[in-house]
Amino acid sequence: MSAMRVLLLAGALCPSTGGARAPAAWRAQQRARAPRRACRPLASDGGDLLGGADAGRNERVGELKRLFYAPDAAASDEPAANARRARAHGVYADLALCRWSFTILPHAQLVLNVFQPEYVHLFESLIATRPPWLYAHVQLPGGLANLANDDYALVPGSKAPLAGTLMRVVRADRQSDARLRLVVQGLRRVRVLRATQRLPFARADVRALPDAEELGAELQSARVELGAAAGVGGEHGVALARLCAAGAAARAAAWAAYETADASLVPGMVQERYYGVQGPWAPPLVPLNASAAGACADEAARAARRAMREVVAAQGAEWRARADWEADVARDAERLRATRALSSVSGADECARLAELERELWVNLDALLRRLHALRPDKAGAMPVPSPMLGLLPPTPPEGWPADFRCAAAAAERADVAREQPALGFVAVDEVYPPLRRAQRLSYVVWDLLGREGESRQPVLEAASIAERLTLALWWIDEMTQAVLENR
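Going letter by letter, the sequence shown gives residues -19 to -1, 1 to 469 in mature numbering (1 follows the signal peptide of the UniProt record, and there is no 0).
Next up, the structure:
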């Protein structure tokens, strides 16, 4: 790697641009094409001679849209109640899907200017309903051009990924030229079970995709609930996995209020990153909602137990009748056996392993950033770590941080500034927040600092465990560190 390349890397890891180039092995494997811009200004045609400046016409068009997208007032409440119960178990039936050509990770926050008619239709339909406005983003190589291509159908074995991210629209503004400006947030990983619609936009049944450690964390409670129940059919491992998956989904949903603070746009700035969005800017990571920590901690354990008992009470009949769901929980059972049930590793050992990986990532990242800053003295100063990520710094380990570790001091400084400037987005992780969820969140948000536009992040989303994602990030950091050392 040339010295110029190292300098480019040094300039890349800063808050305004984010990202370093992927190692060659990953680039060769992925062959990721640059993402199509999902958002660009929509040129006016002869339909509106004033280019959106006629307020009266805009109001009439808006009224027609509201009438067109208004939900059926005569619809029964029963399907909605069933949908809420299913979502409590991590199942989202007939959910709208965006299939743009890039990958969005959980805990990412984006401002999107939506202009494509298919997706304007999707989001107009969505925001006409009651919040929360949920949809899923599932990467589609080639974007809309392959939406009707059988090679990229949402079925196992096709060229299309089935793992995606559950998304929430937190703000929607209609523009005068018919575009929609949206602020969206990634919530959690999901997997497509069954496509229910292909055109004009995709819809599918999806379910929350828990990490292996999340399943393992629910194992003891699941054994208690299963042992106290009678009449739950099926192979024991599958039954356990079903309860673990339901408990993990319910626990994640209970923590959502803490993990997803509402977005606030910063006026007068331009967001060029990711998808060419022009207009108000929002931080690229979802901030924590500090005020919700205590309530979420109280609810999480209750929600997990409640979800398990509902599955046991229903004897899993609703899900066993669905071959796609049964196949998916069978895969969970296999992962459960591989990670916990057939091993002697205890839950405490798993937590210790995650803590070790977490500490190693922070130490190695800190060292890399210091080396890169040394190459660019003009950029020396505050650590270029996004505030929502810096807030995830764990407590000082028993052995302490290295003497030259800078992230701890940077976090303390940013906490002081945040008291006067809450919009900074820095929230130190609450002590009641489970270490497993802290490590999980870190395993996603670190890629805002390490990722690069045009490089696929799908392998990060496909990783089956928190440890796997942290290990992947450590490998990436090590590759970059070696490049810096070889060219300094």
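Note that the Cβ used here is the ideal one computed from N, Cα and C, for glycine as well.
Span of the beta strand (DSSP E) around residue i
i: VAL410; result: From DSSP, VAL410 is part of no beta strand (DSSP E); its letter is neither H nor E.
i: THR452; result: First-last for THR452: 447 to 468, but that is the alpha helix (DSSP H), not the beta strand (DSSP E).
i: VAL150; result: 144 to 155
i: ARG169; result: 161 to 178
i: LEU93; result: 90 to 95
i: ARG188; result: 183 to 189
i: TYR73; result: 72 to 79
i: ALA117; result: 114 to 118
C-alpha distance - residue i paired with residue j, whole-angstrom precision
i: VAL165; j: ARG149; result: 6 Å
i: VAL427; j: MET370; result: 7 Å
i: SER82; j: ALA144; result: 13 Å
i: ALA126; j: ALA141; result: 13 Å
i: ARG340; j: ARG223; result: 32 Å
i: ALA(-17); j: HIS118; result: Confidence in ALA(-17) is poor, its pLDDT being 42 and thus under 50, which makes the residue's placement unreliable; the coordinate value appears in the next sentence. Rounded to the nearest angstrom, the two C-alpha atoms are 38 Å apart.
i: TRP114; j: ASP330; result: 39 Å
i: GLN463; j: ALA390; result: 26 Å
i: GLY124; j: TRP382; result: 45 Å
i: GLU337; j: ARG162; result: 41 Å
i: ALA244; j: ALA273; result: 15 Å
i: THR110; j: TYR73; result: 16 Å
i: ARG287; j: TYR239; result: 20 Å
i: ARG80; j: GLU99; result: 11 Å
i: ASN345; j: ILE458; result: 7 Å
i: ASP411; j: CYS225; result: 25 Å
i: GLY372; j: ALA393; result: 9 Å
i: PRO415; j: ASP397; result: 24 Å
i: GLU467; j: GLY432; result: 22 Å
i: residue 472; j: GLN402; result: Residue 472 lies beyond the stretch modelled for the chain, which goes from -19 to 469, so this question has no answer here.
i: GLU380; j: LEU350; result: 22 Å
i: ALA237; j: SER157; result: 33 Å
i: ARG283; j: ARG66; result: 15 Å
i: CYS388; j: ALA159; result: 44 Å
i: MET461; j: THR377; result: 26 Å
i: PHE407; j: ASP132; result: 44 Å
Closest residue to residue i among the options (Cα-Cα distance)
i: CYS332; options: GLU206, GLU195, ALA396; result: GLU195
i: ARG169; options: LEU163, ARG68, ASN130; result: ARG68
i: GLY76; options: THR146, ALA134, ASP132; result: In the sequence as presented, Gly is not what sits at residue 76; that position holds Leu. It is THR146 whose Cα lies nearest to the Cα of LEU76.
i: GLU291; options: ASP192, GLY275, ALA203, LEU269; result: ALA203
i: THR84; options: ALA294, SER368, PRO122, ALA74; result: PRO122
i: ARG395; options: ALA409, PRO383, GLY432; result: ALA409
i: LEU207; options: GLY228, LEU190, GLU443; result: GLY228
i: PRO365; options: PRO378, LEU338, LEU430; result: LEU430
i: ARG188; options: VAL136, VAL171, THR452; result: VAL171
i: GLY138; options: VAL173, ARG155, ALA159, ARG111; result: VAL173
i: ARG232; options: PRO87, PRO191, ALA244, GLU337; result: PRO191
i: ALA193; options: ALA242, ALA230, ASP158, VAL205; result: ALA230
i: ALA384; options: SER446, PRO376, SER106, ALA348; result: ALA348
i: VAL136; options: THR177, GLU449, SER157; result: THR177
i: PHE182; options: MET289, VAL101, ILE108; result: VAL101
i: ARG400; options: VAL151, ASP158, ALA271; result: ALA271
i: ASP186; options: GLY71, VAL293, GLN421, THR377; result: GLY71
i: LEU107; options: VAL151, ALA237, ASP158; result: VAL151
i: ALA448; options: GLY197, ARG160, GLU460; result: GLY197
i: ALA220; options: ALA159, CYS388, PHE407, MET289; result: MET289
i: ALA263; options: GLY218, PRO367, VAL293, ARG160; result: PRO367
8 Å Cβ cutoff met for residue i and residue j
i: ALA153; j: PHE96; result: no
i: ALA129; j: LEU180; result: yes
i: PRO265; j: ALA89; result: yes
i: ARG352; j: VAL465; result: yes
i: LEU342; j: LEU417; result: no
i: ARG175; j: LEU78; result: no
i: SER424; j: LEU455; result: no
i: VAL413; j: ALA278; result: yes
i: LEU86; j: LEU442; result: yes
i: ALA235; j: ALA281; result: yes
i: ARG419; j: PRO375; result: yes
i: LEU453; j: ALA445; result: no
i: residue 530; j: GLU199; result: Since the first and last residues shown for the chain are -19 and 469, residue 530 lies out of range.
Where the alpha helix (DSSP H) containing residue i begins and where it ends
i: ASP429; result: 416 to 431
i: PRO137; result: PRO137 -> no alpha helix (DSSP H), and no H or E assigned at all.
i: ILE85; result: That residue, ILE85, is in no alpha helix (DSSP H); it is neither H nor E in DSSP.
i: GLY123; result: It is not in any alpha helix (DSSP H) - GLY123 carries neither H nor E in the DSSP assignment.
i: ALA276; result: 274 to 295
i: VAL101; result: 98 to 108
i: PRO268; result: Careful: PRO268 lies outside any alpha helix (DSSP H) and carries neither H nor E.
i: ARG204; result: 200 to 208
Quick one: complete alpha helix (DSSP H) runs, 4+ long, within the region 341 to 402?
368 to 371, 388 to 401
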